[in-house]
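> Before anything else, here's the structure in question.
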Amino acid sequence: MLQGFMTTLKSILEKPVTIQYPEQKRPVRSRFKGRHVLKRYDNGLEKCIGCALCAAACPADAIFVEASENSDENRYSPGERYASTYEINMMRCIFCGFCEDACPTEAIVLGDNYELSFTSRTDAIYPKDMLLEPVPEDGSPTPQKVPAGAFDRAIPLMQDATD
Amino acid sequence: MTMKMVTLRIDEHTVEVPAGTRVVDAAKKVGVDIPVFCYHPKLESVGMCRMCLVEIGRPVVDRASGKVVLEADGSPKIQMAPKLETACTTPVSDGMLVVTTSEKVAAARREVVEFILTSHPLDCPICDKGGECPLQNLTMAYGSGTSRFIFDEKMRSAKHVPLGELIYLDRERCIQCGRCVRFQHEVVDDPVLDFYQRGRALEIITRSEPGFDSVFSGNTTDICPVGALTTADFRFGARPWEMKPAASICAQCPVGCNIVYDVRREAKSSGKPVIKRVMPRQNESVNEVWICDKGRFVHHYNESAERLTQPLMRVDGELTPVSWQQALETAAAKLKEAGKGLVTLAGGRLSNEDLFNLRELTRAQGGTTLLHTHMGGGEWTRQLGLNQGSNLGSLGNGDAIVVIASDLHQEAPLWWLRVKQAAQRGATLIVLNARPTRLDAYAAHALRYQPGEAAQAVAGLMGNHKTPAAFQTAREALAGAANLVVFFGSDGLGLTGTRALAQTCADLLMQSGHYGRPNNGLVGVWQHSNDQGAWEMGYAPAADLVGSLKKAKVALLAAADPVGDEPALAKALAGADFVIVQEMFLTASAEKADLVLPVAAIPEREGSLTSGERRAQRFYPAVPAPDGVRPDYTIAAQLGQRLGLELEGRAAGLVFLRLAQSEPAFAGLSYQALSTAEEQWPIVGRRDLYFGGTTYDNNQGMGTHLQPVLKAGERPAAVAAALDTELMDAGDNLLVLPHTRLFDQGSLVRFSRLLVERVATAELRLNPATAKHFGLAEGVAASLNLNGADASVIVRMDDALPPGAAWLPRRVGVPLWAPAAAQVKVMERD
Ligand code: SF4
Ligand code: SF4
Ligand code: SF4
Ligand code: SF4
Ligand code: FES
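Right under this line is the structure:
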């Protein structure tokens, strides 16, 4: 019995392994794969060009992309097209990161957010505005009006941030 | 005709093919894929891309003796050519040895791909061709993976060049294979695309105004081996792998092109599956691998928000939504009440199954079935039409084709193409019309007759009527023809004129014995996809539709809009006790109806259509039907059920079986028979898409010809007495003749926003002399009073038109179906 109390006593002195979630949070590992984020360039344009390769790569068929054509009056991405609809069903996603690998513009990144809970099945479908990251400080929101001919690539070359 | 056969070896295969075959085709026949870019089996080979390089050896022939030199083991000695040869331009020869697997060939392919990619943007992730791209496939299969060229030195060209409002060009992606240019020049003879500049700077340009002015323009996007050409309709619409294909039949004209609807869920349509694009499906007996732009771009009607989705009944003078139950009860009660007073007016858009059930339903009440058309003569196409074994593609030297009173290019573009090609293969083409048409250019004899005298012209062709000497030579040309197909249409004619014309054409065919065997007979250039099917089932237009409708107690209108068509018909219909309309949209007739039943569109249901060549073909459901609509055959069956009539309404295939039992022309046919597909040449749409473009391979059925009604030598049922002739003289008024345009203001075209610019408007075309006589000048707005209505038109001068009459398109808002006398007034400018 005494031995039992000894174990308890020892544990009291030890550093606790539990933390007070959600007040306290543990930093995630650098290679952690959480909820997806759709990235933007510094100027605010979306990196995603609506190619649907992430949807094709996804083994769980969790992603739905529908593209539309950009114009200089209404520009969302520097490429020829952008995702006019982008949805991820978080209930289907298995966080494998294949979408990240497939993306030609590094637009989709599995972030560090693991707090995914929903009260209904439709709530588990995250539309584009929930996935897009906030507009950077010196950027402007999309769609943007840009000078004609400033973006003439189908896929941005990604050599600098404004591409 | 026996062809000289040539035997050659391709790698380890030995193959026997007709002399003149290209090595690349011979290889294809034994399953050896020689990669190609510029070669297309339907186009002349030009050897522009060099992708098809192979090693070729030929037997050594001793000059002195002329004998093949033999090796020690007795096999012929083969001398390999020092350089690689292009398999797409080299014809086969006896004893040839083709090597496609050597390191030399592999190196050549690697280098050609590397070279083509020097200036290729590699937009694959967003390129519409990505996933079904020959360049992608061949790079993966034969490319080297790395390039010795410098990325930054790539050519930069315009990426967004609208060639017209329908087709966009990305100059950077173009690999300059010239397929599009050759298609436009060689196949459809609309030479509106061309090369500009040369070398690396070579560009594709359009030379027409408006841009890319051709009714076949969409086909270039299928055969373009890269994503350089895209349609405005599908551009960025979906990735190819995301779509589900559904086989169907184009219902826009009587040709009945085999097509595929590519379907995908769409967020813009709240998650519903929608048709993203229309592609040709190979049927070498019907449309080969082509379709026209109407068939490709007109599909938007079924997504329209204007679709009716609930039965409507007139309550206190207002059309009010009611349940199907109530609608059917009411309709059945009215049909019963009507008895012999029931008139069913059916349109040629209905499927065979719809027409059959409607006919049974109407006959059981003792009512009359009528076909709503301005064109007669089906009693003749039914007896003398084409049958099993017919294929316009097999007509050529020694055969003859007569096209009378039809502008095939506008009325049935694929027939125009196939008739033109038959003429180019050597068939004698005789074109008769009151005005020049595009087919004249290929005709051995392009003959003119006075407006309205089409039947007389055919009689003249038989020597029964006094005609100019040119007819005499044409008659002689016809005399020796092995096969004869006669197309007749309604260019400048109405119901009476076409009936008389069909009868004279029938006389011509019977006199010369050209019926009852393959590739011989009469084809009606109808206005709707299934008019021929309706004729086969005994539907016919009323000689006096106004009179028939006046007598109707209850009128059942299915896919017919008499109220919208003619004020006189609207008046006649107003007298009926009860009008039931089965329609997709609230047409003018539906607005006036007492009961409106919403129906399913073709892509939403199953069924079959009978083409003008008497080929029954199946279509399959592509997208789900909106809630609340039903197919016409089901509605008829459900009405029958309430009237104690046992009709099949569960599945279209079962209705078809009944049809096959009751109609001799359909005897022995079944959905299984219609859905059998044979191996076809050229091979398209398989794993190696690059061979024939992205056109779909046909494995859902090629359709079957109906049974012949008259065998060769049999005489037809009694020939009708002499027929009235059409109005040919308008006295002091202007004689206005109707003709049909491909993009008219018909009920379905208007939903395709893309076609707006191509749609025909109310333009009155006439010879300057005639115009002067009536005080008209180019471009003025005039008002026509004809058939009891006033219509405003724009006057256009046309020197090519004969004097004495004016031409106006059908379905442009003017109630013109047959030649009419019109009072013309120049409108005051405001
Ligand atoms: S996230 Fe990347 S892969 Fe997915 S559609 Fe956008 S650009 Fe394409
Ligand atoms: S044409 Fe083919 S290879 Fe070229 S960008 Fe498009 S998909 Fe890629
Ligand atoms: S546009 Fe397409 S079909 Fe025309 S030349 Fe270029 S690659 Fe060939
Ligand atoms: S030719 Fe006729 S059937 Fe063929 S696609 Fe055009 S409209 Fe349709
Ligand atoms: S050179 Fe033969 S396919 Fe182009």
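If you read the protein sequences in the order shown, they are chains A and B. Under my numbering, think of the first position of the first sequence as 22, with each following residue one higher. Under my numbering, think of the first position of the second sequence as 30, with each following residue one higher. Think of the CB as a built atom: it goes at the ideal place given N, C-alpha and C, for glycine as much as any other residue.
Taking DSSP as the reference, what is the three-state secondary structure of K854/B?
Looking up residue 854/B in the second sequence gives position 825. Strand at K854/B.
> With respect to 7 Å, is the separation between the Cβ of L74/A and the closest non-hydrogen atom of ligand 1 below this value?
On the first sequence, position 53 is the one that residue 74/A refers to. Yes - ligand 1 has a heavy atom lying nearer than 7 Å to the Cβ of L74/A.
> Should A275/B and R293/B be called a contact, given that it needs their Cβ atoms to be closer than 8 Å?
Here residue 275/B is taken as the residue at index 246 of the second sequence, counted from 1. Here residue 293/B is taken as the residue at index 264 of the second sequence, counted from 1. No. Outside cutoff.
> Going by the CB atoms, is the gap between G576/B and L848/B shorter than 8 Å?
For the purposes of this step, residue 848/B is identified with residue 819 of the second sequence, where counting begins at 1. For the purposes of this step, residue 576/B is identified with residue 547 of the second sequence, where counting begins at 1. Here residue 848/B is Pro; the residue named in the question, Leu, does not match the sequence. Contact flag unset, no.
> Return the CA-CA distance between Q736/B and A629/B, expressed in angstroms with no decimal places.
Walking along the second sequence from the start, residue 736/B turns up at place 707. Walking along the second sequence from the start, residue 629/B turns up at place 600. Going from the Cα of Q736/B to the Cα of A629/B covers about 29 Å.
> Would you check if the distance between the CB atom of E642/B and the CB atom of S277/B is smaller than 8 Å?
Translated into the one-based positions of the second sequence, residue 642/B becomes position 613. Translated into the one-based positions of the second sequence, residue 277/B becomes position 248. Their beta carbons are not under 8 Å apart, which means E642/B does not touch S277/B by this criterion.
> Where are the alpha helix (DSSP H) runs, 4 residues long or more, that stay fully inside the segment 129 to 158 of chain A, in chain order?
149 to 152
> Given that F265/B touches chain A, what residues does it touch there, using C-beta distances under 7 Å?
By one-based count along the second sequence, residue 265/B stands at place 236. Neighbours of F265/B on chain A, chain order: A88, S89, E90, R102.
> Could you tell me which chain A residues have their CB closer than 8 Å to the CB of K188/B, listed as they occur along the chain?
Against the second sequence, residue 188/B aligns to sequence position 159. Chain A residues near K188/B: E101, D173, R174, A175.
> Report the neighbours of A296/B on chain A: residues whose CB is nearer than 9 Å to its CB, in chain order.
In the second sequence, counting from the first residue as 1, residue 296/B sits at position 267. The CB of A296/B comes closer than 9 Å to the CB of F85, E87, S105, T106, E108 in chain A, given here in chain order.
> Across which residues does DSSP place Y107/A in a beta bridge pair?
For the purposes of this step, residue 107/A is identified with residue 86 of the first sequence, where counting begins at 1. Note: Y107/A sits in a beta bridge opposite V86/A.
> Excluding the five sequence neighbours on either side, which residues of its own chain have a C-beta within less than 6 Å of the C-beta of A137/B, listed in chain order?
Here residue 137/B is taken as the residue at index 108 of the second sequence, counted from 1. Closer than 6 Å at the Cβ level, and outside the excluded window around A137/B, lie L82, L113.
> So what does G636/B bridge to, in DSSP terms?
Translated into positions along the second sequence, residue 636/B becomes position 607. Its beta-bridge partners are F648/B.
> Give, in chain order, every residue of the segment 141 to 156 of chain B whose Cβ lies closer than 9 Å to some Cβ of chain A.
P150, L151, D152, C153, P154, I155, C156
> Give a yes or no on whether 8 Å exceeds the smallest Cβ distance from R782/B to chain A.
Mapped onto the second sequence, residue 782/B falls at position 753. No, no contact with chain A.
> Could you tell me the alpha carbon to alpha carbon distance between L686/B and L384/B, rounded to whole angstroms?
Working through the second sequence from its first residue, we reach residue 686/B at position 657. Working through the second sequence from its first residue, we reach residue 384/B at position 355. C-alpha separation (whole angstroms): 14 Å.
> Leaving out the 5 sequence neighbours to the left and right, which residues in its chain are closer than 7 Å to P186/A when beta-carbon positions are compared?
Because chain A in this structure spans residues 22 to 184, residue 186/A falls outside the shown range and cannot be described.
> Secondary structure at A182/A, three-state DSSP: helix, strand or coil?
Counting from 1 along the first sequence, the entry for residue 182/A is found at position 161. A caution first: A182/A carries a pLDDT of 47, below 50, which makes its placement in the model unreliable, though a value can still be read off. Correct three-state label for A182/A: coil.
> As an exercise, report each continuous beta strand (DSSP E) stretch of at least 3 residues that is fully enclosed by the segment 270 to 347 of chain B, in chain order.
273 to 278, 287 to 295, 301 to 309, 341 to 344
> On the three-state DSSP scale, how would you describe F241/B?
Counting from 1 along the second sequence, the entry for residue 241/B is found at position 212. Coil at F241/B, not helix or strand.
> Spatial neighbours of Y135/A within its chain, please: CB distance less than 8 Å, with the 5 preceding and 5 following residues excluded, ordered by chain position.
By 1-based counting over the first sequence, the position of residue 135/A is 114. Within the same chain, Y135/A has close Cβ partners V49, F53, G55, R56.
> Spatial neighbours of R550/B within its chain, please: CB distance less than 6 Å, with the 5 preceding and 5 following residues excluded, ordered by chain position.
For this step, residue 550/B is matched to residue 521 along the second sequence. Going by the sequence as given, residue 550/B is Gly instead of Arg. For G550/B, where only same-chain residues beyond five positions count, the Cβ hits under 6 Å are L413, G414, L415, Y544.
> Is it right to say S42/A is buried, meaning 16 or more other beta carbons lie within 10 angstroms of its own, or is it exposed?
By one-based count along the first sequence, residue 42/A stands at place 21. At residue 42/A the sequence reads Tyr, which differs from the Ser that was named. So Y42/A ends up on the exposed side.
> Express the C-alpha separation of D573/B and L198/B in angstroms, rounding to a whole number.
Here residue 198/B is taken as the residue at index 169 of the second sequence, counted from 1. Here residue 573/B is taken as the residue at index 544 of the second sequence, counted from 1. Approximately 52 Å between the Cα atoms of the pair.
> Indicate whether at least one CB of chain B lies closer than 8 Å to the CB of K31/A.
Numbered from its first residue, the first sequence carries residue 31/A at position 10. K31/A does not count as touching chain B.
> Say the cut is 7 Å; is the CB of V65/B nearer than that to a heavy atom of ligand 5?
Residue 65/B sits at position 36 when you count from the first residue of the second sequence. Yes, ligand 5 has a heavy atom inside 7 Å of this Cβ.
> So is R268/B in contact with chain A if we call contact Cβ pairs under 8 Å?
Taking the first residue of the second sequence as position 1, residue 268/B is located at position 239. Judged by the 8 Å Cβ criterion, R268/B is in contact with chain A.
> For a contact defined as C-beta to C-beta under 7 Å, what are the partners of L74/A on chain B?
Counting from one through the first sequence, the residue named residue 74/A turns up at place 53. Neighbours of L74/A on chain B, chain order: P154.
> Any chance you could list the residues with Cβ under 6 Å from a heavy atom of ligand 4, keeping chain order?
C279/B, Q281/B, C282/B, V284/B, G285/B, C286/B, N316/B, I320/B, C321/B, K323/B, G324/B, A441/B, P442/B, L443/B
> Tell me whether A182/A is buried or exposed, calling it buried when 16 or more other Cβ atoms sit within 10 Å of its Cβ.
Working through the first sequence from its first residue, we reach residue 182/A at position 161. Any answer about A182/A is weak, because its pLDDT of 47 lies below 50 and its placement is not dependable; what the coordinates show is given next. Its Cβ having fewer than 16 others within 10 Å, A182/A is exposed.
> Would a check of beta-carbon distances place P125/A closer than 8 Å to chain B?
Along the first sequence, read from residue 1 onward, the residue named residue 125/A stands at position 104. Yes, because at least one Cβ of chain B sits closer than 8 Å to the Cβ of P125/A.
> Measuring CA to CA, which of I33/A, K68/A, T39/A, L74/A is closest to C153/B?
Walking along the second sequence from the start, residue 153/B turns up at place 124. Of the candidates I33/A, K68/A, T39/A, L74/A, the one whose C-alpha sits nearest the C-alpha of C153/B is L74/A.
> Output yes if chain B places a C-beta closer than 8 Å to the C-beta of G170/A; else output no.
As a first step, residue 170/A is located in the first sequence; it is residue number 149 there, counting from the start. No, G170/A does not count as interfacial toward chain B.
> Would you mind giving the Cβ-Cβ distance between I712/B and G721/B, rounded to the nearest angstrom? I have them listed as a contact below 8 Å.
For the purposes of this step, residue 712/B is identified with residue 683 of the second sequence, where counting begins at 1. For the purposes of this step, residue 721/B is identified with residue 692 of the second sequence, where counting begins at 1. Confirmed, about 6 Å.
> Any idea if P99/A is buried or exposed, counting beta-carbon neighbours within 10 angstroms, 16 or more meaning buried?
By 1-based counting over the first sequence, the position of residue 99/A is 78. By the neighbour-count rule (16 or more Cβ atoms within 10 Å), P99/A is buried.
> Inspect the beta-carbon positions of Q561/B and P220/B and report whether they are closer than 8 Å.
To locate residue 561/B, count along the second sequence from 1; it is residue 532. To locate residue 220/B, count along the second sequence from 1; it is residue 191. No, these two residues do not count as a Cβ contact at 8 Å.
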